[in-house]
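Scroll down for the structure; my scribbles are underneath it.
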Amino acid sequence: MKYNRTEISDKIGFSSVIDPKFKTNLLTVRFITSLGKETVSANALGIGILSDANGRLKTIAELSERLSSLYGASVSCFSRKRGDLQILGFSSSWINGRYALDGENLDEEMSQIIKDCIFYPNAENGEFDGELFRIAKKELLDRIDAELNNKRAYAISKAEEIAFRGEPAELSETGSREDAEKVTSADAYGAYLNILKTSQIEIIYVSSEENNALKDMFTEEFSKLERKPNEYVFRSKSPVKPDAEVFSEEMDVRQCKMVMTFKSGSDDRFALQMMSMIYGATPVSKLFANVREKMSLCYYCASRFSAVKNFLMVDSGVEKSNIEKAKNEILNQLDEIIKGNISDEEMQSALLSLDNAYNAVGDTPSSYSSWYFERFCDGEILTPQELFKNYSSITKARIIQAASTLKLDSIYYMLNKEAE
Amino acid sequence: MEKNIITSERTGDRIIHVKHDSGLDIYICEMPGYSTIEALFGTKYGSVNTMFKMAEDKEYTVVPEGIAHFLEHKLFENEDCDVFELYAKTGASGNAFTSFDKTAYLFSCTKNYKESLKILLDFVQAPYFTQATVDKEQGIIGQEIQMTNDNPEWRVFFNMLRCMYHNHPVKIDIAGTVESIAQINADLLYKCYYTFYNLNNMVLSVAGNVNADEVLAVCDECLKKCEDKGLETVFSDEPDSIVQAEITEKQPVGASIFNIGYKCVPAGGRERLLKVMAASVAADMLSDPSTEMYQKLLKDGVINSSFGTEIFTGDGYFTVIFSGESNRPEIIRDTVSAEIDRIINEGTDEKLFQRIKKSTYGSLIRELNNVEAVANLMMNSHMEGISPYDTIQVLSDLTSADVLDFIKNELRKDRLVMSVIEGTV
Numbered sequence: 006m007k008y009n010r011t012e013i014s015d016k017i018g019f020s021s022v023i024d025p026k027f028k029t030n031l032l033t034v035r036f037i038t039s040l041g042k043e044t045v046s047a048n049a050l051g052i053g054i055l056s057d058a059n060g061r062l063k064t065i066a067e068l069s070e071r072l073s074s075l076y077g078a079s080v081s082c083f084s085r086k087r088g089d090l091q092i093l094g095f096s097s098s099w100i101n102g103r104y105a106l107d108g109e110n111l112d113e114e115m116s117q118i119i120k121d122c123i124f125y126p127n128a129e130n131g132e133f134d135g136e137l138f139r140i141a142k143k144e145l146l147d148r149i150d151a152e153l154n155n156k157r158a159y160a161i162s163k164a165e166e167i168a169f170r171g172e173p174a175e176l177s178e179t180g181s182r183e184d185a186e187k188v189t190s191a192d193a194y195g196a197y198l199n200i201l202k203t204s205q206i207e208i209i210y211v212s213s214e215e216n217n218a219l220k221d222m223f224t225e226e227f228s229k230l231e232r233k234p235n236e237y238v239f240r241s242k243s244p245v246k247p248d249a250e251v252f253s254e255e256m257d258v259r260q261c262k263m264v265m266t267f268k269s270g271s272d273d274r275f276a277l278q279m280m281s282m283i284y285g286a287t288p289v290s291k292l293f294a295n296v297r298e299k300m301s302l303c304y305y306c307a308s309r310f311s312a313v314k315n316f317l318m319v320d321s322g323v324e325k326s327n328i329e330k331a332k333n334e335i336l337n338q339l340d341e342i343i344k345g346n347i348s349d350e351e352m353q354s355a356l357l358s359l360d361n362a363y364n365a366v367g368d369t370p371s372s373y374s375s376w377y378f379e380r381f382c383d384g385e386i387l388t389p390q391e392l393f394k395n396y397s398s399i400t401k402a403r404i405i406q407a408a409s410t411l412k413l414d415s416i417y418y419m420l421n422k423e424a425e
Numbered sequence: 030m031e032k033n034i035i036t037s038e039r040t041g042d043r044i045i046h047v048k049h050d051s052g053l054d055i056y057i058c059e060m061p062g063y064s065t066i067e068a069l070f071g072t073k074y075g076s077v078n079t080m081f082k083m084a085e086d087k088e089y090t091v092v093p094e095g096i097a098h099f100l101e102h103k104l105f106e107n108e109d110c111d112v113f114e115l116y117a118k119t120g121a122s123g124n125a126f127t128s129f130d131k132t133a134y135l136f137s138c139t140k141n142y143k144e145s146l147k148i149l150l151d152f153v154q155a156p157y158f159t160q161a162t163v164d165k166e167q168g169i170i171g172q173e174i175q176m177t178n179d180n181p182e183w184r185v186f187f188n189m190l191r192c193m194y195h196n197h198p199v200k201i202d203i204a205g206t207v208e209s210i211a212q213i214n215a216d217l218l219y220k221c222y223y224t225f226y227n228l229n230n231m232v233l234s235v236a237g238n239v240n241a242d243e244v245l246a247v248c249d250e251c252l253k254k255c256e257d258k259g260l261e262t263v264f265s266d267e268p269d270s271i272v273q274a275e276i277t278e279k280q281p282v283g284a285s286i287f288n289i290g291y292k293c294v295p296a297g298g299r300e301r302l303l304k305v306m307a308a309s310v311a312a313d314m315l316s317d318p319s320t321e322m323y324q325k326l327l328k329d330g331v332i333n334s335s336f337g338t339e340i341f342t343g344d345g346y347f348t349v350i351f352s353g354e355s356n357r358p359e360i361i362r363d364t365v366s367a368e369i370d371r372i373i374n375e376g377t378d379e380k381l382f383q384r385i386k387k388s389t390y391g392s393l394i395r396e397l398n399n400v401e402a403v404a405n406l407m408m409n410s411h412m413e414g415i416s417p418y419d420t421i422q423v424l425s426d427l428t429s430a431d432v433l434d435f436i437k438n439e440l441r442k443d444r445l446v447m448s449v450i451e452g453t454v
């Protein structure tokens with residue numbers, strides 16, 4: 006594998022990851038911008054419309070027809086939240102030209118489509134095409150409405166809203182329905198132009214072969230734009246609430262959800278990550294082994310640590326009659342770690358599990374893309390093996406110290422109406 | 030044991046197949062450059078297999094619904110410890126799943142794969158059930174059933190199957206019901222285990238950063254020879270007709286969802302593969318964003334990008350499903366139905382057919398780019414009685430006349446079912 010990143014303009018990076026084993030190519034352009042109530046929905050719409058059509062293939066039907074004839078090549082867009090930042094993405098994937106049945110030059114065709122989507126969208130007079138915008142806006146509102154369909158994901162989203170109240174990270178990656186409804190076509194287009202101007206941009210291309218033409222295309226197109234990129238902070242600790250906040254809502258569900266958020270002021274993110282592995286991130290973790298298997302209090306009960314906001318979340322699916330017992334046992338297992346009840350086997354298993362996860366990076370084009378983007382955000386480009394070294398020297402004392410900095414910030418409950 | 034090399038003419042990829050002396054079929058795909066190893070040890074035993082006998086038995090045995098899934102859970106515990114604890118020592122990530130027609134135990138790892146493979150082969154061949162552990166598992170699975178009942182995608186799908194199938198057990202939830210799993214005991218689990226976990230009914234699939242000889246050496250060491258006892262599974266007679274055309278359930282969802290399904294005549298082996306490819310291309314042609322039908326539904330706000338299709342098939346069942354979010358699913362049902370009539374009268378669009386074929390070919394190439402997908406491809410192909418790379422060849426031979434025949438014969442209005450989950454909030 007060959008990795009190379011060059012800055013093709015001020016705060017625009019182009020990385021290529023060349024690995025001969027792949028049969029497909031993946032290009033992802035990530036625009037990094039701040040997350041704000043006034044802009045989040047317009048940004049999501051402004052980016053979301055790019056993969057529907059462009060100035061040359063002006064309708065969804067035309068672009069779709071072209072892509073399916075290129076062996077099901079895809080273009081897609083996303084809006085994601087990363088702490089207090091909004092990451093807006095344009096992604097495209099296509100098979101390597103050596104598998105084309107009719108000898109088409111797929112790289113050239115896809116480069117043109119990508120260029121048209123990003124730099125020449127179907128817009129004029131300061132707004133996106135009316136029909137395209139109407140469809141894209143309905144799509145966004147439908148996505149927001151559908152959040153409730155997945156109860157576990159919805160519960161996590163609500164827990165984050167409560168935990169990060171007053172911070173940008175309280176927002177969802179698309180904004181609320183009310184915010185999205187207000188966005189006009191001109192707002193969305195203006196938001197996109199602003200993204201092109203002010204965001205930091207990371208372009209990552211993963212393929213079996215170099216594609217300098219693609220890099221040249223981006224260099225040339227961005228040179229035509231007036232840029233005034235902002236500086237962004239990639240990690241921002243969230244202050245813990247003086248008293249843990251409890252928020253509950255009732256729904257017509259059979260299984261209740263409980264999401265507990267803990268926050269830490271510690272800078273030892275590697276120890277916190279490893280502590281989370283021991284606590285609840287694997288099938289031999291304390292939460293899985295005790296709360297689920299031994300005590301049968303939850304169907305699922307898992308922890309996840311995020312260094313971006315320095316928080317640890319435990320989400321669980323639980324019967325209403327067991328909620329209090331489950332909560333107490335989740336807290337008790339944290340106490341066990343703080344008391345130093347960590348076995349050598351637990352340490353070893355956490356390390357092996359992390360080692361396994363890091364070694365698997367690079368087995369899919371998307372894993373390479375995510376890895377190198379995250380390392381860019383970290384400010385240091387490391388290989389998975391280099392990053393793993395930060396874990397291999399962690400002692401039990403560091404894990405105990407890291408765990409003792411975790412404070413309960415908030416609890417979200419989704420309760421079952423029928424159990425009343 | 031003879032190594033049979035299966036090669037993809039299109040990509041040059043190759044798979045090694047061995048019929049092991051123990052009775053097990055083994056597929057290995059060495060994938061240079063990859064770090065991951067994915068191994069699947071699967072049996073042709075899923076939730077639909079509730080009635081079976083061996084050649085020596087006079088009567089068929091009928092077992093409670095959900096027992097295949099229950100057995101999968103229980104096999105993860107051996108006499109001394111949990112299997113997860115064994116994998117924790119090698120760093121592998123272990124898991125298992127039960128579907129309608131198969132149960133598979135798997136791990137993925139990047140190191141120590143021979144040790145992890147030994148764990149996999151050993152624990153699946155060493156059942157240990159007691160009434161106490163069975164009783165405990167009933168609580169855990171009961172919670173899993175509760176959780177899936179809150180999943181609208183799951184509900185809309187099973188409601189559709191219940192409208193479609195009179196007798197076939199595919200309409201039964203994979204995990205069974207709280208009542209059905211209460212009938213499960215250790216003896217029944219052993220009975221099912223020794224019936225379906227015979228190596229002649231199983232397959233091992235290993236892909237990624239492996240050496241075939243090393244894999245086979247571990248197999249030689251761990252596999253216990255099984256006598257083929259002539260397993261027979263049967264299903265109750267299933268009429269071609271549907272049970273009812275429509276069902277709606279209310280749930281706390283933000284977006285209403287639908288499954289519109291056509292009940293088709295089932296097929297097996299290579300015939301099923303031909304039918305799946307024709308069905309898949311037909312469904313993609315009907316739902317392609319470039320078509321007038323799709324554009325009208327989209328512009329009228331009836332569908333969004335969640336609109337998609339699926340071919341769902343196995344022993345004794347075959348359905349073509351259109352699914353997505355919509356507040357007006359009846360318009361989608363009527364529009365799809367009218368479009369099928371139009372195609373039957375006017376014929377298929379040859380350009381669209383060629384595009385969909387190319388697009389499907391692209392997705393098959395993508396599949397070969399992924400260790401997990403290759404491991405699953407090998408296991409699934411074996412269980413379906415086909416060769417792993419057959420799909421590309423069958424697609425290549427597919428004509429628009431085949432697709433038109435499928436649409437004419439199988440997408441019938443009298444076998445059309447619509448299932449909807451509407452919001453209560």
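Chains as they are written, first to last, in my numbering: chain A, 6 to 425; chain B, 30 to 454. By construction, the Cβ of each residue, glycine as well, lies at the ideal position given by its N, Cα and C atoms.
Residue i in three-state terms, based on DSSP
| i | result |
| --- | --- |
| Met280 of chain A | helix |
| Leu153 of chain A | helix |
| Ser51 of chain B | coil |
| Ala307 of chain B | helix |
| Tyr219 of chain B | helix |
| Cys303 of chain A | strand |
| Phe124 of chain A | helix |
| Tyr237 of chain A | coil |
| Lys86 of chain A | strand |
Pairwise C-alpha distance: residue j and residue i
| i | j | result |
| --- | --- | --- |
| Asp216 of chain B | Thr338 of chain B | 41 Å |
| Ala218 of chain A | Ser116 of chain A | 8 Å |
| Ala469 of chain B | Tyr56 of chain B | Chain B is shown only over 30 to 454; residue 469 of chain B falls outside these bounds and no answer can be derived. |
| Glu425 of chain A | Ala312 of chain A | Low confidence applies to Glu425 of chain A: its pLDDT is 43, below 50, so where it sits in the model is not reliable, and the reading given next is rough at best. Going from the Cα of Glu425 of chain A to the Cα of Ala312 of chain A covers about 38 Å. |
| Leu55 of chain A | Ile169 of chain B | 46 Å |
| Gly343 of chain B | Lys291 of chain A | 39 Å |
| Val301 of chain B | Tyr346 of chain B | As written in the sequence, residue 301 of chain B is Arg, which differs from the Val given in the question. Straight-line Cα distance between these residues: approximately 11 Å. |
| Cys306 of chain A | Asp164 of chain B | 21 Å |
| Gly53 of chain A | Phe152 of chain B | 48 Å |
| Pro181 of chain B | Cys255 of chain B | 42 Å |
| Ala204 of chain B | Arg10 of chain A | 49 Å |
| Val331 of chain B | Tyr291 of chain B | 20 Å |
| Ala84 of chain B | Gly259 of chain B | 5 Å |
| Ala402 of chain A | Ile335 of chain A | 21 Å |
| Val245 of chain A | Phe267 of chain A | 8 Å |
| Ile450 of chain B | Asn101 of chain A | 41 Å |
Counted within 10 angstroms of its Cβ, other Cβ atoms place residue i as buried (16 or more) or exposed
| i | result |
| --- | --- |
| Ile385 of chain B | buried |
| Ala246 of chain B | exposed |
| Leu200 of chain A | The residue asked about is misnamed: residue 200 of chain A is Ile in this sequence, not Leu. The residue in question, Ile200 of chain A, is buried, as its Cβ has 16 or more Cβ neighbours within 10 Å. |
| Thr139 of chain B | buried |
| Asp443 of chain B | exposed |
| Gly71 of chain B | buried |
Touching by the beta-carbon criterion (3+ pairs, under 8 Å), the region 371-384 of chain A and the region 37-49 of chain B: no
contact_flag[the region 66-78 of chain A, the region 98-118 of chain A] where n(CB pairs < 8 Å) is 3 or more: yes
Segments assigned alpha helix (DSSP H), at least 4 residues, entirely inside the region 180-213 of chain A: 182-187 and 190-203
Residue ranges of each alpha helix (DSSP H) within the region 357-425 of chain A, 4 or longer: 370-383, 389-397 and 401-409
Stretch pair the region 13-31 of chain A + the region 231-244 of chain A: three plus CB contacts closer than 8 Å: yes
Runs of alpha helix (DSSP H) lying entirely within the region 87-143 of chain B, each at least 4 residues, in chain order: 96-104 and 112-119
Inter-stretch contact at 8 Å, needing at least 3 Cβ pairs: the region 314-326 of chain B / the region 361-378 of chain B: yes
Segment contact, 8 Å Cβ cut-off, at least three pairs: the region 423-434 of chain B with the region 269-286 of chain B: no
Sufficient close CB pairs (3 or more, under 8 Å) joining the region 50-70 of chain B to the region 232-239 of chain B: yes
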